[in-house]
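Undergrad: Residue numbers for the sequence shown follow full-length UniProt numbering, beginning at 1 and rising by one. Below you will find the structure I want to go over with you.
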Amino acid sequence: MSTTAPTSLRRRVRALNRRLEKEYGSPEKPRIDPLDELMLTILSQNTSDTNRDSAHESLRRRFDDWDEVRTAPRGELEDAIKSAGLWQQKARTMQETLEALHAERGELDLSQLNEMSDEEAIDYLTGFRGVGVKTAACVLCFALGRPYMPVDTHVHRTTRRLGLIPEDASAVQAHSILNDDSVVPPELRFAFHIQLIRHGRAVCRAGRPDCESCVIEDLCPKIGV
Ligand code: SF4
């Protein structure tokens, strides 16, 4: 982990977020149903936004609700979500999760998450086979309005370059570090997550980061660049 003192780390995160907010604007907090968010995040794993949206549209055209997705022949679901890639794995995870939820509660509903602490909700969601900590964090952040920061590929890359996580931190380790109060203050986690994704797509790209036109260049140690 960085040797930077916690207060200094928090101060840097606040400064970075202010600068990025000026560049990209303040993000609006969404209100998404927890089960919708869980299913759509499974669909979006390791694919582009365009392919995810195309698969989502195809899913909506073919099935009226999640119960139809649960009971559909596996091949039909795979066919509907093919454009998202990894369709066999995703179809299995979606149906197994829906089936487990149905067996447990007799209905497809995740409102019980509202009664759980953050840790309990993460543990519950990652108990479904194929649901990782990033997917669970998306449900907490976007559906439950919890101060939880998902670590996707953009957040992982940009926070590494910015020196907020160790250069060799895995995504799971990054998740623990960035959701620690000594690094990213809880009230900034949603906005900072969105800003880093925007910045990672537009400027701090995986292949060739455009450091010369970067609005946080003076705050960045450019680790590994
Ligand atoms: S200075 Fe370069 S490495 Fe640092 S955030 Fe900006 S684009 Fe990324």
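Every residue gets a Cβ at the ideal spot worked out from N, C-alpha and C, and that includes glycine. Quantities reported herein were computed from a predicted structural model and do not represent experimental measurements.
According to DSSP, is Gln-195 helix, strand or coil?
TA: Correct three-state label for Gln-195: helix.
Undergrad: Below 8 Å on the Cβ atoms is my guess for Glu-96 versus Gly-130; work out the distance and round it to an integer in Å.
TA: Between Gly-130 and Glu-96 the Cβ distance is about 7 Å, and since that is below 8 Å, they are a contact.
Undergrad: Enumerate in chain order the residues of its own chain whose CB-to-CB distance from Asn-17 is below 8 Å, with the five nearest sequence positions on each side excluded.
TA: Leu-188, Ala-191, Phe-192, Gln-195.
Undergrad: Step through the CB atoms of chain B and report whether any lies within less than 8 Å of the CB of Ile-32.
TA: Within the model displayed, chain B is absent; a lone protein chain is all it includes.
Undergrad: Measure the alpha-carbon distance for Leu-101 versus Glu-119 and round it to whole angstroms.
TA: Cα to Cα, Leu-101 sits roughly 19 Å from Glu-119.
Undergrad: Considering only C-alpha positions, which residue in the set Ala-202, Val-133, Met-94, Pro-27 is nearest to Asp-36?
TA: The shortest C-alpha separation from Asp-36 is found at Met-94.
Undergrad: Would you say the beta carbon of Arg-160 comes nearer than 7 Å to a heavy atom of the ligand SF4?
TA: Checking every heavy atom of the ligand SF4 against the Cβ of Arg-160, none is found closer than 7 Å.
Undergrad: Should the stretch 45-65 be called in touch with the stretch 208-219, which here means at least 3 C-beta pairs below 8 Å?
TA: Taking 8 Å as the limit for Cβ pairs, the verdict is that the stretch 208-219 does not touch the stretch 45-65.
Undergrad: When the distance is taken between beta carbons, is His-199 closer than 8 Å to Ala-137?
TA: Not closer than 8 Å, so no.
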